[in-house]
Every structure is written in C-alpha cells, then in structure tokens.
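Read the structure below first, then the notes.
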Amino acid sequence: MTTPGAISGATTLFDKLWSEHAVCELDNGETLLYLDRVFLHERTGSIALQSLHAAGYGVRDARKVFCTMDHIVDTFPGRGDATLMPSGTDFITATRNETRAANIRLFDVDDPNQGIVHVISPEQGLVLPGLTLVCPDSHTCTQGAIGALAWGIGSSEAEHAMATGTLRVRKPKNMRVVIDGALQPGVTAKDLVLNLIARFGANGGAGYAVEFAGSTVRDLEVEARFTLCNMAVEFSAFTAVIAPDEKVEAYFHGRDFAPKGEHWRDAVEHWRSLRSDEAARFDRELHVDASTIQPAVTWGTSPEQVVSISEPIPYPDTFAEDHRRESAVRALAYQNLAPGNHLVDISIDAAFIGSCTNSRLSDLQAAAAVVKGRRIAPGVRGVVVPGSRRVKKAAEQEGLDQIFIDAGFEWRDSGCSMCFYAGGETFGAHQRVISTTNRNFEGRQGPNTRTHLASPATVAASAIAGSFISAEMLAESESLAS
Amino acid sequence: MKAFTVHAGVAAPLLRRNIDTDAIIPSREMKRVSKQGLGEGLFAGWRYTLPGGREQNPSFVLNRPEYRNTSILLSGDNFGCGSSREHAVWALAEYGIRAVIASGFGAIFHTNCIRNGILPVCHDEQVISDLAERVQEDPQNNLVEIDLNRCRIVCGDRELEFALEEGARHMLLNGLDPIALTLQQQKLIDQFENTRRKKHAWAFAPFEDCVEGVLP
Chain A
25 MTTPGAISGA
35 TTLFDKLWSE
45 HAVCELDNGE
55 TLLYLDRVFL
65 HERTGSIALQ
75 SLHAAGYGVR
85 DARKVFCTMD
95 HIVDTFPGRG
105 DATLMPSGTD
115 FITATRNETR
125 AANIRLFDVD
135 DPNQGIVHVI
145 SPEQGLVLPG
155 LTLVCPDSHT
165 CTQGAIGALA
175 WGIGSSEAEH
185 AMATGTLRVR
195 KPKNMRVVID
205 GALQPGVTAK
215 DLVLNLIARF
225 GANGGAGYAV
235 EFAGSTVRDL
245 EVEARFTLCN
255 MAVEFSAFTA
265 VIAPDEKVEA
275 YFHGRDFAPK
285 GEHWRDAVEH
295 WRSLRSDEAA
305 RFDRELHVDA
315 STIQPAVTWG
325 TSPEQVVSIS
335 EPIPYPDTFA
345 EDHRRESAVR
355 ALAYQNLAPG
365 NHLVDISIDA
375 AFIGSCTNSR
385 LSDLQAAAAV
395 VKGRRIAPGV
405 RGVVVPGSRR
415 VKKAAEQEGL
425 DQIFIDAGFE
435 WRDSGCSMCF
445 YAGGETFGAH
455 QRVISTTNRN
465 FEGRQGPNTR
475 THLASPATVA
485 ASAIAGSFIS
495 AEMLAESESL
505 AS
Chain B
1485 MKAFTVHAGV
1495 AAPLLRRNID
1505 TDAIIPSREM
1515 KRVSKQGLGE
1525 GLFAGWRYTL
1535 PGGREQNPSF
1545 VLNRPEYRNT
1555 SILLSGDNFG
1565 CGSSREHAVW
1575 ALAEYGIRAV
1585 IASGFGAIFH
1595 TNCIRNGILP
1605 VCHDEQVISD
1615 LAERVQEDPQ
1625 NNLVEIDLNR
1635 CRIVCGDREL
1645 EFALEEGARH
1655 MLLNGLDPIA
1665 LTLQQQKLID
1675 QFENTRRKKH
1685 AWAFAPFEDC
1695 VEGVLP
C-alpha cells in the first residue's frame, strides 16, 4: 500500500515539491526544507533583520532575499517616506537601513518595480514554478498558483530562513479541491473561493496543503489563479498549489528574472513534471460544481459568512452549530445588519479595489469595464490601488486610470493600502465598505469599519449603484430603466 | 528562548472560534520597529472602550478583577488565524500569557508560539468548555497547572492529558534556539544546495550570474 505522498509510488504535486526540497528528515518528525527565495516587507522585515543581527547571525545568501515596501507605505500620489501612521516612517527607514547593511535587494518607495510582495514576486519572475518561497506574510500562499511551494511564516521563522536557508517544517496532509464546470458570466475566482470557504468553513483546510484542480481551474487565467490561491489561508490551509501549465510558461517567458536560453529550456522541462500523478492519493478530496456559483459577497466578519448577492442575510438560527450561531449574532451586531434583509437593499459608503487578492491588471480591467462611462453613486467614496508600480503603469497605458478618475474614483500609487489599517488610513468607523480584499475581520480596515468582500466587478458595480449589486444586475437594471 | 516546563496560573475563558491575529493585536498597536511594547495593545479592540484609547472596558474578561494575573487563555477553534504577525505572540508573551488552550490554532500562529516559549495546547471543545466552567467558579483559586514533561493539565481534582508534536515539545521544554540547532546541519545544507545547483541551475542562474548584491 502506498501512503499518501510516498515518493516511490504515485505522488501528489505538493509531495513532489516537498521532497525535492527536503534536506533531511529531523529526528523529531519535522523536515528540514531548503528555501530558494525569501521575501520581506517593511512591517516585519525590519524587525527580523534587526533581531537576527542582534543575535549575532548573518544572512546565508543575500542574493536570494528580497524586500519591498508595501504594508505601511502611503499610496497617495507623489508619496514619500511620510505615512499617516505616526511611526510608519520608522519602519520604512529601518527597513532601508537593514536591507542595505545586509546587501538585500529592496524595492523601495520610489522604485519603479515596487509593489505588494505577492504581486511583484511573480511579476518579475522572482518566484518560479518548482521553487520554495517564504515570506513573513500569511498570503504568501498566493504563489502556489504558479506551482511554487510558498507559504507564510512569522518573523522568527523569517530569521531562521535567512540565517540557514532552510526551515524546520512538519509536513501537512494532502487535500485536493476539484472544481469543475463553466463559470457563469460575471463570476470570478474570488466568488469561487468565497463559496468554497462558505461551504467548508474558515478552518476547512486546517492541517492540509490544498491542490486546486479540475476543468474550472485549468480554464482560469494565471492572474485569477493567484486570487484563488491567495485566499487558501482564509480557508486555514498550510498553502495551496496548482499544477503549472502552458499558461504559466507563457506568463513567465521573458520576465526579468525568469531563466533564459538553455536555463529556460531546462526549467520548462522540469515544470512539466510538476503535477500530481494520475494515481496519487489525497488524504481528503472535495468537489465543487462551479456552474451554479453566483457572485458572492460576505455579510459578516469571517470569510465563511458569505451569501450570493441576491440571497437574504441568514438568520443565526439556521446554522446547525452553536459556534456558528454565536458568531453570526456577533457579526450581525458588528456589521449593523438584520437577518432576512437583502444586501441589494443596503447602501454602501465606500468601495475599495486593491490588495494582493485583486489588484493585478486583469482585476483593474474587470472593474474598469463596469465603471466605464458611469459615475460613482453620490456619497460613495471609491479608491483604486494598483498592486504594483508596473500594474499601475500598464493600466495607465490602457487608459484605465482615466476611466476610474472620470467615474469619481481615487487613483493611487501601489501598496497594501486600506486592505488593513497598517498604514493608518481608513474609511472610518461604521463605514460600510465593499472591498476586493481578503479579510472582513472586525477592525481589519480600521476601528469599527464594516467590510464586505467581493470581486472587482461586484465592487465596481456596487460603487456605481451605491448599494450591493453585481455587474450583471447593474447592467440589467440600467437596461430596464432606459 | 524561554523554556516551558511546568506552569500554574489563572486561566481566562475567551470561548470563541476564529479569534484572528488582528483581534489579538490590531495593526494600529504595532507602532514600533520592535518586539517590545506590544503587551499594552493585546486585544486592544475588546479591552479598551475606544480605539487607540486606554480606558478599560470593564466587561472584557481580562479586565475583570477575578481574572487579574491571567497567564493561560482558554479558547475556541482556529485561535490565531489570519495574519502571520508574530506581534500577536509577542503581545501575549509581554502581557504574561504562557499558554493557550484551544481546540485548534492558525498554523503560522502555532509555530510563532513555539518560537517564543508560549505553549499552544490543542484539546476538544467540550473539554475546554468544562475546564472553563470549573475555572469560572473561582478563577483566582481554581488555577490551571500545565506540565509539559508529563503532557498533563491539572485543575483541582481534574487531570487531562494532551498531545504536542515531539519537535515542538522538545524545543519548548529546553528553550532551544532553532537557528543554532539548524546551523549544526550546515554541511548537509551546503551539500544539498550544491546538488540542487547542478540539477536545477535555472533556479539559481538569475542571481548567481550577476555581480554580488547588484541585480540587473
């Protein structure tokens, strides 16, 4: 009998990536895993480097460590080191000094390649299929989308990663999520992953590395796959992976740090072996029918509290488990919502388009397609934050910035921005925000701010309508009105 | 790293699932480029009456007199989910928390605990809620004792077993520095790297072909 992941028999993609990086098995049940890349950002990178230095350790190979300014840095046009967060500049300065001293490549505030770590690492080919990548940021799982073994870690682990080029890790179990069926028009990877979390719970992936497979996943473009894998951590998975295919090869071809010439050919040959064997066994397998999924939006304060946009907000009593009922009651109070009401009847105060989940060029294109020729509803504040300086430039070359500005949105410089409150900017207390981000936790976007997660198209449509609505419903309502 | 062997202390129930690291320490409380000074910001959103303020919310469990000197938290599934911020663990440690007993933990948070001498104990929801009931009768006297040598929790006449992966247990019991430990394997790591470089030169090329520290 083959145990799941036994390298001699049929093997899962995750187990292949794992065993290719296993330096040795430690006697305590952990594996020492070799790391190809380490990424840092200014909120935790500065502390990790300082602490490493204080403990008397050096960086093993600084050429494989990269750092960006994304978490705290301002996103107002013409920004400098100043931040709305009173001490934010200290983090920026410390990161600059520490990376310089350690000879680590930094994508600084004014660098044309600066951006959100999970946007810029594939954008520049700094992460590739078949590599291991860690970063002290939970959304590092995003990079599984291209067949990398990438996962989020804490600061202490980042220190260990830099000092030793490895991490001591206990191997998670294998889960496969098979998603089949054609997505309905206007339904995106974001709706897909929100539905998955709603159905199987915010802890549904705990203890597992998840492989996303099936025809729907194969049909997703690479940028949409990033969105899908990005939220694996909201599913509590160790990480997620998708087998790299020709779309991924095309994506990386010619990127700055992608291999060239003979190296490219070798790389591609290897990448084509990165898939689960036909007979590979998974510890758990889930099936999702993508064809029935509707545009989704969260109503509560956990990413599992999701409804299709036309459904009513659920009554807490309808949840079978005590903890879900209690959590629903708390969430409804925080969000100031009543069960039975429909989100389509509820007005919003703000719309946010950005974050490592949904700030790539295709996300901005999807939102701009909805916004084009329309105006944001009176009283609604709309903010668009490209995920990187390169995304920003590409969007501007297509005239997307003008579409957003003409519609009444703010067009920002790149960074994590109001996905959370780290930079000190918020829409304000009790403001109802529809957001393309990944977390709707209490206070995530600022004290008492009410967050509703949705796709870029849904956020854009809602900004125009001034209430929760999908792009399809918006178009229908306008054609009825005319 | 601080070792964890045996600890007895006041345990406070926060019996809720999915307590995320944003709740344990909100972004706005992470003010300094430091692992210190975070204890004050622990659970700030629940603990104080106003965001950024320091006026205590009297109804929050850790502010109630019967839970003064709390050093053990009892909680629900998926404790520490969400953001990887180790500040959550640094805040707990500085506040004086030595152990969290919950029915599950966020994976990154769990490792962060081990790396900072905080014991994460996983147990059934029902067991934790029974323990909480017992503690609540008289929190200052019904102390909870956790013995990591024997993997036992004792509260009054009640004794419970728990399990922790051997690697984590060994680290905590001995207060080991994992970096020092791993560096003992440096030769093995170098060998692995050389073999990998030969087999997968493409994975190294863009960086090692360039002048040290200066990328194209």
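Sequence order for the protein chains is A and B.
Taking our numbering, the leading residue of the first sequence gets 25, the next gets one more, and so forth.
Taking our numbering, the leading residue of the second sequence gets 1485, the next gets one more, and so forth.
Just so you know, even glycine gets a beta-carbon here, dropped at the ideal spot from N, CA and C.
All figures in this text were calculated on a predicted structure; none of them were measured in a lab.
- For chain A, find out if any of its Cβ atoms is closer than 7 Å to the Cβ of B/K1671; answer yes or no. Chain A, which has no Cβ nearer than 7 Å to the Cβ of B/K1671, makes this no.
- Query: Alpha carbon to alpha carbon, what distance is there between A/L157 and A/L57?
  - Reply: Taking the straight line from one Cα to the other gives about 11 Å.
- Query: By DSSP, does A/P480 sit in helix, in strand, or in coil?
  - Reply: If DSSP states are grouped into helix, strand and coil, A/P480 belongs with the helices.
- Task: Confirm, please, whether the CB-CB distance from A/H476 to A/T325 is below 7 Å.
- Result: Not closer than 7 Å, so no.
- For the alpha helix (DSSP H) that B/N1658 lies in, which residues bound it at each end? Start and end: E1650 to N1658.
- Looking only at its own chain, which residues have a Cβ that is under 6 Å from the Cβ of A/F433, when we skip the five neighbours before and after it? Within the same chain, A/F433 has close Cβ partners G406 and V408.
- Task: Name, please, each residue of chain A whose Cβ falls closer than 8 Å to the Cβ of B/D1504.
- Result: B/D1504 reaches chain A at R463 and F465, counting residues in chain order whose Cβ is nearer than 8 Å.
- Query: Going by the beta-carbon positions, is the gap between A/A226 and A/E350 smaller than 7 Å?
  - Reply: No, the Cβ-Cβ distance between A/A226 and A/E350 is not below 7 Å.
- Specify the secondary structure class of A/G139 as computed by DSSP and reduced to three states. It is a strand residue.
- Message: Just to make sure I have the definition right: I need the residues of chain A whose C-beta is within less than 9 Å of the C-beta of B/I1508. Which are they?
- Response: Those do not exist, as B/I1508 stays about 11 Å from chain A at its closest Cβ, beyond 9 Å.
- Task: Using the DSSP secondary-structure output, state which residues sit across from A/D313 in a beta bridge.
- Result: Bridge partners of A/D313: A/D204.
- Query: Which one of A/I429, A/W175, A/N198 and A/E183 has the shortest CA to CA distance from A/Q74?
  - Reply: Out of A/I429, A/W175, A/N198 and A/E183, A/E183 has the C-alpha closest to the C-alpha of A/Q74.
- Task: Give the straight-line distance between the Cα atoms of A/L76 and B/V1638, rounded to the nearest whole angstrom.
- Result: Taking the straight line from one Cα to the other gives about 38 Å.
- Task: For A/H454, name the three-state secondary structure that DSSP assigns.
- Result: Here A/H454 sits in coil by DSSP.
- Under the three-state DSSP convention, the category A/C165 falls into: Helix at A/C165.
- Message: Distance check for A/M497 and A/G403, CA to CA, integer angstroms please.
- Response: The C-alpha of A/M497 is placed about 21 Å away from the C-alpha of A/G403.
- Does the beta carbon of B/G1640 fall short of 6 Å from some heavy atom of the ligand GDP? In terms of ligand content, the structure shown is empty, and the ligand GDP therefore cannot be addressed.
- Query: Just curious, the beta strand (DSSP E) that A/A174 is in, first and last residue?
  - Reply: Going by DSSP, A/A174 is part of the beta strand (DSSP E) stretching over L173 to G176.
- Message: Between A/L155 and chain B, is any beta-carbon pair separated by less than 7 Å?
- Response: Interface annotation, A/L155: in contact with chain B, CB-CB separation under 7 Å.
- Query: Who are the near neighbours of A/A505 in its chain, counting only those whose CB is closer than 8 Å to its CB and skipping five residues on each side?
  - Reply: For A/A505, there are no CB contacts under 8 Å within the same chain when 5 residues up- and downstream are skipped.
- Query: If you draw a straight line from the alpha carbon of B/V1698 to that of A/V89, how long is it in whole angstroms?
  - Reply: Only weak support is given to the placement of B/V1698: the predicted model assigns it a pLDDT of 44, under 50, and the question is left unresolved by the model.
- Could you spell out where the beta strand (DSSP E) holding A/Y232 opens and where it closes? In the DSSP assignment, A/Y232 falls within the unbroken beta strand (DSSP E) covering Y232 to A237.
- Would you list, in chain order, the members of the stretch 151–177 of chain A that have their beta-carbon closer than 9 Å to a beta-carbon of chain B? Against chain B - using a Cβ distance shorter than 9 Å - the residues of the stretch 151–177 of chain A are L152, G154, L155, C159, P160, D161, S162, H163, T164, W175, G176 and I177.
- Is the shortest distance between the beta-carbon of B/K1486 and the beta-carbons of chain A less than 7 Å? Answer no: the Cβ-Cβ gap between B/K1486 and chain A never drops below 7 Å.
- Where B/C1597 sits in the DSSP three-state scheme: Residue state, collapsed to three classes: helix.
- Message: Along the chain, where does the alpha helix (DSSP H) containing A/S438 start, and where does it finish?
- Response: Careful: A/S438 lies outside any alpha helix (DSSP H) and carries neither H nor E.
- Query: Do you know how far the Cα of A/Y445 is from the Cα of B/G1564?
  - Reply: Distance from the CA atom of B/G1564 to the CA atom of A/Y445, rounded to whole angstroms, is 18 Å.
- Message: B/R1531 and B/S1555 - do their beta-carbons sit closer together than 7 Å?
- Response: No, the Cβ-Cβ distance between B/S1555 and B/R1531 is not below 7 Å.
- Message: Suppose only complete runs of 4+ residues qualify. What are the alpha helix (DSSP H) ranges in the stretch 1505–1565 of chain B, listed by chain order?
- Response: Taking only runs of at least 4 residues, the alpha helix (DSSP H) segments lying wholly in the stretch 1505–1565 of chain B are 1505–1508 and 1528–1531.
- Message: To the nearest angstrom, how far is the alpha carbon of B/C1635 from that of B/N1596?
- Response: Approximately 20 Å, taken between the alpha carbons.
- Message: Please identify, using Cβ separations under 7 Å, the residues of the stretch 1602–1633 of chain B that lie next to chain A, in order along the chain.
- Response: Residues: none.
- Would you verify that the beta carbon of A/F451 is, or is not, closer than 7 Å to some beta carbon of chain B? Not closer than 7 Å to any Cβ of chain B, the Cβ of A/F451 fails to qualify, so no.
- Message: Please state whether the Cβ-Cβ distance between A/A489 and A/I458 is less than 7 Å.
- Response: Not a contact, by the Cβ cut-off of 7 Å.
- What does A/F262 reach in chain B if we use C-beta pairs closer than 7 Å? For A/F262, the chain B residues whose Cβ falls inside 7 Å of its Cβ are A1591, in order along the chain.
- Item | Short Cβ contact (7 Å threshold) for A/G423 with A/R384 | It is not a contact, given that the beta carbons lie outside the stated cut-off.
- Going straight from the alpha carbon of B/E1696 to that of B/T1489, what length do you get? Any answer about B/E1696 is weak, because its pLDDT of 42 lies below 50 and its placement is not dependable; what the coordinates show is given next. Counting only the Cα atoms, B/T1489 lies some 45 Å from B/E1696.
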